[in-house]
Amino acid sequence: MWGEVCYCKRMLVWLYQEAVKLAKSIFEAIKERRSNREFRSDPVPYDTIRQIVEYGLKAPSAGNMQPWGLIIVKEPEIKARLAKAAFGQKFVSDAPVVVVILADPKRSAARYGDRGSMLYCIQDTAACIQNMLLASVGFGLCTCWVGSFDEQDVASILNLPGHLRPVAMVPIGYPMESNLPRGSRKDRPWDEVVKIIE
Ligand SMILES: Cc1cc2nc3c(=O)[nH]c(=O)nc-3n(C[C@H](O)[C@H](O)[C@H](O)COP(=O)(O)O)c2cc1C
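Sequential numbering of the sequence shown, starting at 0, is according to numbering that gives the first Met the number 0.
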């Protein structure tokens, strides 16, 4: 009996996730994505996180070098230490999952020298991060790109080998009911940022 209830619950969660995915076009996801710093404590299924990361790994990269690494953190003590390394941004540890995205400058440098290690590997990981932010919207999840942290601290918390550079942390979780709909954001005017050459 109890097993059947659990099965039905899992089915309902799966159906909900599929419905959310079907309901959102890429355009809607781009428009809807906002940084969110409040998360429900509900766990995010591993399969969902895996799919989000896989969408991240589909990002373009210079020469298809894929100079990235990702660490999925669910362990509360490590999340708390990451939040501290992010200068006390507590919402990092409030999220049920934090994905830390690493760049591998050596991998890009092997092909592109300084331009690879200083620019391409950072651009490539940024594309990977953005893919994950958008995919998260598709699953009804919310995220925040966190780039303000002490790199040395994060490297030591995660025992990173010296050649890997932590670029961002992305806390992922379900939004608080009270947090929706989110306020509008002020975008810079088109004419200020776009120039057309005809
Ligand atoms: C490179 C980068 C670093 C960021 N670092 C942080 C951060 O450390 N903490 C934070 O709360 N938000 C951070 N953000 C999120 C921005 O504050 C946010 O994207 C911006 O205010 C626009 O709001 P929106 O994401 O809701 O559209 C970062 C975003 C980027 C792209």
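Positions of the beta carbon are idealized from the N, C-alpha and C atoms, including for glycine.
Item                                                                                                                                                          : Value
Spell out the partners DSSP gives Ala102 in its beta bridges.                                                                                                 : Trp67, Arg164
Going by the CB atoms, is the gap between Val99 and Leu56 shorter than 9 Å?                                                                                   : no
With distances taken from CA atoms, which of Arg106, Ser92, Pro59, Tyr111 is nearest Ile71?                                                                   : Ser92
Under 9 Å, Cβ to Cβ, is there at least one residue of chain C near Ala84?                                                                                     : Looking at the structure shown, chain C is missing, and only one protein chain is on hand.
Quick check: what's the CA-CA separation for Pro104 versus Thr124?                                                                                            : 11 Å
With distance defined between alpha-carbon atoms, name the residue in Gly87, Val52, Pro95, Ala61 nearest to Arg110.                                           : Ala61
Can you grab the Cα-Cα spacing for the pair Ala200 / His162, in whole Å?                                                                                      : Limits of the chain in this structure are 0 at one end and 197 at the other, which puts residue 200 out of reach.
Identify which residue in Met117, Leu133, Pro59, Tyr54 has its Cα closest to the Cα of Asn35.                                                                 : Leu133
Give me the DSSP bridge partner(s) of Gly172.                                                                                                                 : Cys141
Compute every distance between the C-beta of Arg164 and the non-hydrogen atoms of ligand 1, then say whether any falls below 8 Å.                             : no
Using a Cβ-Cβ cut-off of 6 Å (strictly less than) and excluding sequence neighbours within five positions of Gly115, which residues of its own chain qualify? : Ser107, Ala108
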